[in-house]
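In my numbering, the protein residues as written are 19 to 577.
Here a beta-carbon is modelled for each residue, glycine too, at the ideal position from N, C-alpha and C.
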Amino acid sequence: MHGSLCISIGDMIAGKGITSNTGQERVDALDVYGQYYAASHDFKKYGGYFVEVIYSNDRKTIAKLKHLPFEECRIAVEGEDEDVIGIYHSEDWANTRKKKNRPIFIPKFNPSMAVQEPSQVLWKFAYTSGQIYPNPDYWSAVNYIELERQIGMYHVNNIMNGLFPSFIISFFNGQIPPDQQWDMKRDWEKLLTGARNAGKFLMTFNERDTPKPDITSFPLSDADKQYQFLSEESTSKVMVAHRITTPLIFGIRTQSGFGSNKDEMAVGLEIFTNQVIEPAQRLIIKGFTEILSFEIPNIQLTVIPNTPLSFSVATEPVPAPAPAPVVQSLEKKKGCCHELSECHELSEQENSTVADELIALGEEPHKDWILIDSYEVDYDTDDAENKELEVIAAHELASTGRATPNAKSEQDALIDSNYFITRYVYGGEFRHDNMREFCRKMLRANKLYRKEDIVAMESRAVNPGWGPKGAETYDIWFYKGGGNCKHFWQKTVWVNSKGAKINPESEDARRIAVAKAERMGYKIRNEELVAKLPTDMKHKGFLPTNPVWGANGSAYKKK
């Protein structure tokens with residue numbers, strides 16, 4: 019259990035890679051991630067790490083970074099005050115007499131002394147009061163870790179002994195020569211124990227009239243229950259020491275927990291990431307940033323997360339169709355009409371006005387916004403409330419005000435003071451036969467829109483007579499310009515460079531922003547139907563109930 023947790027948590031701390039705001043090629047050339055990966059596992063296992071810095075011949079750049087295993091390093095001090103001056107390194111401290119294992123002194127990291135000291139070492143330890151060396155975070159459970167090991171040894175020996183209980187074999191035929199006693203003992207071992215291990219029994223030779231041997235077993239009252247309790251107790255204590263919030267993160271199922279395992283994993287992962295993984299990453303990255311700053315000023319390193327639960331948005335189940343009275347009530351509130359005769363036509367001027375109103379709500383990309391993603395809207399998840407994302411990334415979803423340019427959207431997420439903005443743009447071909455005025459104006463404007471504003475236009479007539487039962491209104495979020503329309507909504511995701519502390523003029527700005535967005539867990543999927551062209555939809559985007567444009571309408575002829 020303990021070893022597996024150290025490996026798994028070490029991998030989570032190490033992440034999937036390292037990105038930087040500048041000098042990425044140099045970071046890759048020095049194999050920073052390879053050294054960071056080893057340092058992450060040392061930090062988890064020992065509470066600290068060592069990295070050797072080897073300078074180039076001219077002492078102006080770093081020639082190599084080398085991780086030094088924690089168990090091979092010893093802190094070097096001098097003077098009565100025991101000032102730390104560096105470390106001694108040996109590959110085997112138990113055999114230091116061998117030439118290859120003789121301790122080598124390496125001074126501590128100090129770039130100003132690079133000319134005099136071509137090789138230096140930097141180390142970072144988790145804080146431990148009053149000690150030179152750190153304690154790992156699980157140190158409080160060391161006894162339970164040993165208990166777990168001893169329990170394993172007990173069960174192995176028990177199996178090797180053929181599950182036979184401990185006992186005493188007493189012979190009452192007088193004393194016999196020692197060599198004969200050993201022969202008898204080996205014969206009994208072959209009969210009563212496993213082939214690879216001696217049994218747990220005591221053999222005695224006594225004086226008595228009867229030659230019949232006596233076998234007395236040692237009673238073990240509820241030994242199985244005792245060991246089961248000890249095993250469960252040690253497992254629990256070890257997990258607490260490792261600060262495991264829920265065993266489900268590591269694939270261990272328990273009887274307790276939330277009603278939904280997914281919810282328990284999401285909440286547990288958020289807490290575990292915030293309290294264990296990220297603090298460790300910050301301390302380790304701090305050391306590597308300190309080293310690389312000698313060669314690359316103002317460098318910022320970011321760890322690409324490696325977590326057992328993907329940062330994705332939950333998709334809500336599609337609700338069952340509402341009963342007819344409810345549908346009629348909702349249609350009445352929405353202003354929908356059942357009969358074609360109840361509807362009236364809008365002029366081309368009114369149709370154009372709707373486009374103008376929506377365009378007025380649009381906005382241009384802000385100079386501080388960095389585009390990190392752009393794709394056609396995914397129908398399956400855009401209406402999801404992003405509950406899982408909110409829990410995992412601890413977002414504070416921005417409240418929605420009235421529809422105005424630059425207003426906050428429900429899909430704008432504030433994560434650790436970094437602003438991620440979601441907007442939509444009307445996309446598709448600009449020229450084709452019989453293009454509607456609404457589509458023409460929307461494409462020409464080429465502005466960004468909040469989803470709330472697009473959905474709100476459902477109450478306005480874009481193409482009269484194309485709604486349900488010939489109504490004036492329909493959902494332009496799904497059906498865009500209406501039946502046979504060749505356009506779609508394109509989703510764009512932006513990051514606020516000021517909140518994320520990214521230079522928008524840097525050539526690496528977008529790559530850094532993408533890495534930071536992935537690290538923070540920001541991801542919103544969209545509805546597949548929205549991204550489809552109406553011409554690719556069933557009935558080419560016409561509502562089946564529309565008497566004119568529907569499946570059986572006069573304007574729609576099946577081939």
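Contact holds between the stretch 28–43 and the stretch 294–304, because three or more Cβ pairs, one in each stretch, are under 8 Å apart.
For Thr-440, the closest C-alpha among the options Arg-454, Arg-458 and Lys-509 is that of Lys-509. Judged by beta-carbon spacing, Ile-314 lies beyond the 7 Å limit of Ala-527, meaning their Cβ atoms are not closer than that value. His-505 sits in a strand when the DSSP states are folded into three classes. For Pro-121 and Met-131, the gap between their C-alpha atoms comes out near 22 Å. Contact check between the stretch 454–466 and the stretch 515–523: fewer than three CB pairs, one atom from each, fall below 8 Å, which does not count as touching. Between the alpha carbons of Tyr-442 and Ile-80 lies a gap of roughly 46 Å. In the three-state reduction of the DSSP assignment, Asn-175 falls in the helix class. The DSSP-derived three-state label of Tyr-156 is coil.
Rounded to whole angstroms, the separation of the alpha carbons of Tyr-64 and Arg-261 is 16 Å. Residue ranges of uninterrupted beta strand (DSSP E) with 3 or more members, entirely inside the stretch 111–172 and ordered along the chain, are 122–125 and 137–143.
Here Ser-252 carries a helix assignment [DSSP, helix/strand/coil]. A contact is defined here as three or more CB-CB pairs under 8 Å, and the stretch 36–50 meets this definition with respect to the stretch 309–324. With a minimum length of 4 residues, the unbroken runs of alpha helix (DSSP H) contained wholly in the stretch 261–326 fall at 279–290 and 296–310. With a threshold of 16 other beta carbon atoms within 10 Å, Met-171 falls short and is exposed. Rounded to the nearest whole angstrom, the C-alpha separation of Pro-323 and Pro-125 is 33 Å. The stretch 246–264 makes contact with the stretch 149–163, as at least three CB pairs between them are under 8 Å. Glu-523 and Trp-512 have their C-alpha atoms some 15 Å from each other.
Annotation for Ile-472: the continuous alpha helix (DSSP H) segment containing it runs 469–474.
Between Gln-149 and the set Lys-62, Leu-379, Gly-66 and Asn-113, the nearest pair of CA atoms involves Gly-66. Of the candidates Gly-305, Ala-378 and Leu-319, Gly-305 places its Cα closest to the Cα of His-85. Residue nearest to Ile-390 within the set Ile-177, Thr-307 and Ala-531 is Ala-531 (criterion: CA-CA distance).
Apart from the 5 residues on each side of it in sequence, Lys-82 sits with its Cβ closer than 6 Å to the Cβ of Ile-72 in its chain, given in chain order. Membership of His-20 in the alpha helix (DSSP H) is indicated by the continuous run 20–32. If you draw a straight line from the Cα of Tyr-162 to the Cα of Glu-96, it comes to about 37 Å. If you compare the alpha carbons of Phe-438, Ser-249 and Glu-166 with that of Gly-21, the shortest gap goes to Glu-166. DSSP places Ser-188 within a strand segment (E or B) once states are collapsed to three. If one requires a minimum length of 4 residues, the alpha helix (DSSP H) runs lying completely within the stretch 509–533 are 515–518, in chain order.
When beta bridges are read from the DSSP output, Glu-43 appears opposite no residue. The DSSP-derived three-state label of Leu-466 is strand. Take Thr-264, set aside five residues on each side of it, and the residues of its chain with a beta-carbon closer than 7 Å to its own are Gly-275, Glu-282, Met-283 and Gly-286, in chain order. At least 7 Å separates the beta-carbon of Cys-91 from that of Lys-62. Within the same chain, Asn-119 come within 7 Å of Asp-110 by CB-CB distance, once the 5 residues on both sides are set aside. For Ala-535, same chain residues with a beta-carbon under 7 Å away, outside a window of 5 residues either side, are Ile-390, Phe-438 and Val-513 in chain order.
Within the DSSP secondary-structure output, Val-69 pairs in a beta bridge with His-85 and Leu-140. A residue is called buried when at least 16 other Cβ atoms come within 10 angstroms of its Cβ; Val-69 meets this threshold and is buried.
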